[in-house]
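Here this note's numbering = 1-based position in the sequence shown + 7.
Here the structure is laid out as structure tokens; the discussion comes afterwards.
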Amino acid sequence: SGGHAPRPPLSGPRSGFRRLGLRGMKQRLLVVANRLPVSANRRGEDQWSLEISAGGLVSALLGVKDVDAKWIGWAGVNVPDEVGQQALTNALAEKRCIPVFLDEEIVHQYYNGYCNNILWPLFHYLGLPQEDRLATTRNFESQFDAYKRANQMFADVVYQHYQEGDVIWCHDYHLMFLPRCLKEHDINMKVGWFLHTPFPSSEIYRTLPSRSELLRSVLCADLVGFHTYDYARHFVSACTRILGLEGTPEGVEDQGKLTRVAAFPIGIDSDRFKRALDIDAAKRHVNELKQRFAGRKVMLGVDRLDMIKGIPQKILAFEKFLEENPEWIDKVVLLQIAVPTRTDVPEYQKLTSQVHEIVGRINGRFGTLSAVPIHHLDRSLDFHALCALYAVTDVALVTSLRDGMNLVSYEYVACQGSKKGVLILSEFAGAAQSLGAGAILVNPWNITEVADSIKHALTMTSDEREKRHRHNYAHVTTHTAQDWAETFVCELNDTVAEALMRTRQVPPDLPSRTAIQQYLQSKNRLLILGFNSTLTEPVESSGRRGGDQIKEMELKLHPDLKGPLRALCEDESTTVIVLSGSDRSVLDEVIPLILSFCDL
């Protein structure tokens, strides 16, 4: 593929795609993720209490009802003793979950170290940590070694529970090494890998020291999925530019093996949110919120307290809106739910202090004894309270600086069946590619643009609100989590079946005995040979692409081939042509002068 950009991968399931109908088949699905969808608390030596966790992946796969799914992952707790491990394994089995037991050192190096401090910031365009750039590579290498060991531990658990025909669905950047582990164990395993974060441009990704090893591992999967076409395109570009592989409309090809790459935008179980609003507890919450904020428009932000969520930018834009539109000061309120995360990390502690300082300053500036413009909560809400909050909100504000998808925007739309509120959505969230036609898209770094969009949303006519909401509501309710998961699994089954057909259609090997006999009987023979890698000794490239002129100059004819080549060239019945993309001067150095050259 040279230095050219790869042709784009498909943006979703192929045209003419036949859904194979998981309903009724009950195909086994092993969902492998870093964390199990449960929270585990130890109540005694052999007693555990389990609670279903919240989260984007959990919300998505809760809607999949027609596959026999089991979850494999870490339970989030350290269990060093066998009694506790067996008790937890038994308790989790009732939830169709299978634990992977990681010790504290592995968790520290693999999860806190490589996943959270290396991969996560890089994939969200925050770059590699400064201290890792300045320090020796020993720390990085130990974290990467732990990452590979942890992935192998996940693979070992998969081996124990795998049955022939199972689909194995690996999730997220925590498990990029897992497809290789699985395929090395059994090449016939059906393996898919899906990334829930952005995949950065190749210019960002190439700074990762272990870039090639991770790409090659992911390419061991049969199907690689992303939320958006852009992320898929970046991945194919990285494989092309870093590994020198060929990008095709279907994915990435390596020595005849095609890894399919496509976009599968995730959804939610929208019916679950709509049903929640019919429950008495949610109705009470709705009435309480309406009474409390009567006469004021309600704006809402629901985010993890994280650098990529753009919470300071959101609050500063709201401040600018109040500055430029003082008539709205006592007519609008911003409710910001900021769920704490990684509270032991200094950068997150600094972000928390920064947000609190901005909120306090704005409330002091625009608030009164009876009302303040911003209500900020550093905690999560229970499900029904959150649905009620979505339902009474007039404007939802999502200002992510980078976000794989952002399902908050979907959840808000699902709960807006009657109110038909407005969604202001960052163009850097994956959801912008799905909900962009109905939302007001903004650049969260442009405070003025976001402030103007707030005014537009608050003053929007009912007809425009209705039109925008109708588009988003139709998308959210028809592109559900179940559709997403079923489509991915069906695509994986189809991809494996097609690969098997391609393998069967490969022409048989040349019958060597017959070919040698024909060759010896012929009076006029033409041999066309490649140069690089065919006639030369292997050159260590350290994961770099071809095109390094210094490396080219080091190419040497393989010593075992010098004699046979000379004998062939001295045979008057044989013409030998060597084809090469290398400079002629390179060939002059390493090929005997008796050969004829044909440079391409």
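Cβ coordinates follow ideal geometry from the N, Cα and C atoms, glycine included.
All values reported here derive from a predicted model rather than from experimental measurement.
Legend entry - 8 Å contact criterion, which proline 106 and leucine 95 should meet: CB distance rounded: 6 Å
Inset, instruction - Any chance you could list the alpha helix (DSSP H) runs of at least 4 consecutive residues sitting entirely within the segment 175-249, in chain order? - result: 185-192, 209-212 and 218-225
Inset, instruction - Provide the residue span of the alpha helix (DSSP H) that contains histidine 482, from first to last. - result: 469-485
Legend entry - CA-to-CA distance, threonine 466 to alanine 378, given in whole angstroms: 22 Å
Inset, instruction - Give the secondary structure of proline 566 by DSSP, where H, G and I count as helix, E and B as strand, and everything else as coil. - result: helix
Legend entry - Closest Cα partner of leucine 341 within the set Asn413, His383, Arg349 and Arg372: His383
Inset, instruction - If I'm right that isoleucine 175 touches methionine 196 with Cβ under 8 Å, what's the distance once you round it to whole angstroms? - result: 6 Å
Legend entry - Same chain, Cβ closer than 8 Å to valine 608, neighbours up to 5 away in sequence not counted: Residue 608 falls outside the range modelled here, since the chain spans only 8 to 607, and no answer is possible.
Legend entry - Where the alpha helix (DSSP H) through isoleucine 535 begins and ends: First-last for isoleucine 535: 532-537, but that is the beta strand (DSSP E), not the alpha helix (DSSP H).
Legend entry - Minimum C-alpha distance to arginine 477 - residue among Asp501, Arg509, Cys422 and Ile125: Cys422
Inset, instruction - Using three-state DSSP, classify histidine 131 as helix, strand or coil. - result: coil
Legend entry - glycine 308 and lysine 321 closer than 8 Å at C-beta: yes
Inset, instruction - Taking 8 Å as the threshold, find out whether the segment 514-532 comes into contact with the segment 578-592 through three or more Cβ pairs. - result: yes
Inset, instruction - Tell me whether alanine 82 sits in a helix, a strand or coil according to DSSP, three-state version. - result: coil
Inset, instruction - Have a look at the DSSP bridge pairing and note the partners of methionine 306. - result: Leu341 and Val402
Inset, instruction - Just confirm the distance between the C-beta atoms of glycine 83 and valine 39, as a whole number of angstroms; I'd bet it's less than 8 Å. - result: Not confirmed; about 15 Å, so no contact.
Inset, instruction - May I ask you to report which of helix, strand or coil DSSP gives arginine 282? - result: helix
Inset, instruction - Express the C-alpha separation of threonine 266 and glutamate 260 in angstroms, rounding to a whole number. - result: 6 Å
Inset, instruction - Go ahead and label tryptophan 452 buried or exposed: buried means 16 or more other beta carbons lie within 10 angstroms of its beta carbon, across all protein chains shown. - result: exposed
Legend entry - First and last residue of the uninterrupted alpha helix (DSSP H) at isoleucine 519: One detail in the question is off: residue 519 reads as serine in this sequence, not isoleucine. 519-528 is the extent of the alpha helix (DSSP H) around serine 519.
Inset, instruction - Would you mind sorting arginine 368 into buried or exposed? The rule is 16 or more other CB atoms within 10 Å of its CB. - result: exposed
Legend entry - Inter-stretch contact at 8 Å, needing at least 3 Cβ pairs: the segment 333-349 / the segment 424-440: no
Legend entry - Close Cβ partners of tyrosine 121 (< 7 Å) along its chain, the five nearest in sequence each way excluded: Gln150, Phe151, Ala153 and Tyr154
Legend entry - Cβ pair count under 8 Å reaching 3, the segment 272-281 against the segment 488-497: yes
Inset, instruction - Report the partner residues of cysteine 104 according to the DSSP bridge assignment. - result: Trp78
Legend entry - Residue from Phe271, Leu388, Pro207 and Ala458 whose Cα sits closest to the Cα of asparagine 332: Ala458
Legend entry - Close-in-space but distant-in-sequence residues of the same chain around leucine 126 (CB under 7 Å, 5 per side omitted): Tyr180
Inset, instruction - List the DSSP bridge partners of glycine 258. - result: Thr255 and Arg267
Inset, instruction - Classify glutamate 89 as buried or exposed, calling it buried when 16 or more other Cβ atoms lie within 10 Å of its own Cβ. - result: exposed
Inset, instruction - Would you mind reading off the limits of the alpha helix (DSSP H) that contains isoleucine 369? - result: 353-373
Inset, instruction - Quick one: using the 10 Å Cβ neighbour count with 16 as the cut-off for buried, is isoleucine 315 buried or exposed? - result: buried
Inset, instruction - Ignore the nearest five residues each way along the sequence and tell me which others in glutamate 385's own chain have a CB closer than 6 Å to its CB. - result: The sequence shown places aspartate at residue 385, not glutamate. Once the five neighbours on either side are set aside, the close Cβ partners of aspartate 385 are Ala345 and Pro347.
Inset, instruction - Compute the beta-carbon to beta-carbon distance between leucine 57 and leucine 99, rounded to the nearest angstrom, for a pair I have assumed lies under 8 Å. - result: 7 Å
Inset, instruction - Keeping to the same chain, check which residues put their C-beta closer than 8 Å to that of glutamate 608; ignore five residues upstream and five downstream. - result: With the chain covering only 8 through 607, there is no way to say anything about residue 608.
Legend entry - glutamate 171, DSSP secondary structure in three states: coil
Inset, instruction - Give a yes or no on whether the C-beta atoms belonging to valine 231 and tryptophan 200 are separated by under 8 Å. - result: yes
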